[in-house]
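Using the UniProt record's numbering, you'd call the opening residue of the sequence shown number 1 and step up by one each time. Glycine is no exception: its CB is placed at the ideal position from the N, C-alpha and C atoms. First comes the structure, then the notes that go with it.
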Amino acid sequence: MTTTFTLSTSRRDALKVGGLVVAGGAALIGGTAAIAPSAAASSRLDTGVHLGSGSVGTRTVVLDQPSVRAEALAAVRQLRLDMWAKNPPLLSVAGSTGGTVQSYAQEQGYASAEAYADALVWDQDMERVSVQRLVECLEMGRIEHSRPNGESYSTAHIGDVTNGTFEILAATTDQSATISTGIGIWASEYDKLVAAGGAWNHETGHLHTLLNPTITSIGFAASAGYFTGEGLWAHSAPAESVGWSGIYDVTLANGGGSASSVPAGYQAPAPAASEPASASASAAPTPADATTATNRLRPAVTKPWNLSSSGSSPDSLLRGLRAVFRGK
């Protein structure tokens with residue numbers, strides 16, 4: 001039986017959303033799973049995200065960000081198309097606007113399902129933050145809206161992104177799971193979103209973030225059964241993936257040396273010949289209110305969708321999403 005836990009934070013008025021989910025047992029909450037290091041060569045990687053205070057160490061991880069980008073965009077686009085058709089209730093984070101998916105999207109200028117789904121754009125800054133936060137969660141052995149040095153996730157600055165992002169997190173004990181599994185875990189909050197009348201809360205915040213029509217810039221990362229997603233309002237950054245594919249020693253604050261999240265025997269593909277320089281965005285986000293809700297850990301009744309068995313190709317993923325929604 002799969003057990004799911006959720007934890008979310010909200011920044012009042014600034015519409016900042018955070019959340020996390022753990023699936024497949026509580027082992028990932030309590031500590032770091034033992035993973036044998038790989039003998040494959042790795043490359044040192046600085047994501048360009050502000051590390052915060054503390055000593056600098058590294059965490060070795062396997063990344064395949066081009067695949068994450070393709071799979072995540074297909075999955076979230078299909079999710080928005082299906083949710084437009086089902087039209088569940090959806091309010092703004094503050095609860096002052098919205099009504100249903102369609103009415104809220106139309107308020108934001110999206111007159112059709114396609115316009116609503118196509119509004120999502122991959123954002124390289126969000127991707128860089130996603131990778132950094134992924135590695136930090138792996139370092140801590142749990143998913144949490146804080147960093148290994150004890151600072152808040154909102155200190156993961158890059159360019160003009162200085163007030164935090166919409167952050168969603170998930171993890172599963174299946175270390176081979178791809179980003180579609182994480183999106184399935186987040187999307188499994190559908191019944192709770194309906195029961196809440198479309199309101200954002202600590203049990204609906206992940207799906208709410210994926211459906212929120214004010215969020216148009218997104219990025220995701222996945223490795224070793226951990227999944228991170230970051231989103232923001234319209235933001236100017238390259239729409240291509242950073243291209244990281246292979247084994248990397250990623251820098252992080254308060255790492256205390258080096259550790260590995262690479263499965264034994266892993267054979268890395270050849271990394272990209274060159275990695276893009278850190279991009280600086282040109283549009284500042286809305287200033288954030290410093291008031292933050294208290295984190296709470298509570299069990300979630302809804303079981304996550306397990307899309308990993310359907311394969312990682314976009315076609316297989318979309319078939320899985322459609323099958324789930326037909327069953328609702």
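Label residue i either buried or exposed according to how many other C-beta atoms from any shown protein chain fall within 10 Å of its C-beta, with 16 as the threshold for buried.
i    : result
G184 : buried
S309 : Any answer about S309 is weak, because its pLDDT of 32 lies below 50 and its placement is not dependable; what the coordinates show is given next. That one is exposed.
G246 : buried
T97  : exposed
R44  : exposed
E240 : exposed
A85  : exposed
A117 : buried
S217 : buried
G30  : Below a pLDDT of 50, predicted positions are generally treated as unreliable, and G30, at 30, falls in that range; the measurement from the model is reported next regardless. By the 10 Å Cβ count, G30 comes out exposed.
S112 : exposed
L15  : Unreliable placement is indicated for L15, whose pLDDT of 34 sits below 50; the coordinate value is still reported in the next sentence. L15 is buried by the Cβ-count criterion.
E71  : buried
A105 : buried
A75  : buried
S282 : Note on S282: pLDDT 17, under 50, position unreliable in the model; the coordinate value appears next. That one is exposed.
T286 : Annotation note: pLDDT 32 at T286 (below 50); position unreliable, coordinate value reported separately. So T286 counts as exposed.
L28  : Residue confidence for L28 is low, a pLDDT of 36 falling below 50, so the modelled location carries little weight; the figure read from the coordinates is stated next. Counting Cβ neighbours within 10 Å, L28 comes out buried, since at least 16 surround it.
A195 : exposed
L297 : Low confidence applies to L297: its pLDDT is 26, below 50, so where it sits in the model is not reliable, and the reading given next is rough at best. When all chains shown are included, L297 counts as exposed.
If I'm right that residue i touches residue j with Cβ under 8 Å, what's the distance once you round it to whole angstroms?
i    : j    : result
L210 : W186 : 6 Å
V68  : I179 : 5 Å
A171 : G225 : 6 Å
Q124 : P238 : 4 Å
V131 : A221 : 4 Å
N254 : G54  : 3 Å
G197 : P89  : 5 Å
F227 : L169 : 7 Å
Going by alpha carbons, who is nearest to residue i out of the options?
i    : options                   : result
R128 : P88, G229 and N201        : G229
M83  : Q65, L169 and Q102        : Q102
Y248 : N254, H235, P238 and S223 : S223
A156 : S42, T47 and G182         : T47
I143 : G182, L63 and V242        : G182
M231 : L120, T173, N201 and E203 : Note that residue 231 is Gly in the sequence shown here, rather than Met. Checked all of L120, T173, N201 and E203; the closest Cα to G231 is L120.
V93  : H202, Y110 and L169       : H202
I215 : N87, S42, T173 and Y110   : Y110
V49  : Y153, S42, T173 and A115  : Y153
V242 : E114, D174, S42 and W122  : W122
CB residue i to CB residue j, shorter than 8 Å?
i    : j    : result
V250 : V135 : yes
S236 : T60  : no
L51  : L252 : yes
G219 : M140 : no
A91  : A199 : Contrary to the premise, residue 91 reads as Leu rather than Ala in this sequence. Contact: yes.
T58  : S258 : yes
W244 : L73  : no
E167 : R133 : yes
8 Å is my cut-off, CB to CB: does residue i come that close to chain D?
i    : result
G229 : Included in the structure is just one protein chain, with no chain D present.
task = Specify whether the region 69-86 and the region 209-229 touch according to this definition: at least 3 beta carbon pairs, one from each stretch, less than 8 Å apart.
result = In short, these stretches touch, since the Cβ pair count reaches three.
key: Contact between the region 186-203 and the region 146-164 (3+ Cβ pairs under 8 Å)   = Below 8 Å, too few C-beta pairs join the region 186-203 and the region 146-164 to call them touching: fewer than three.
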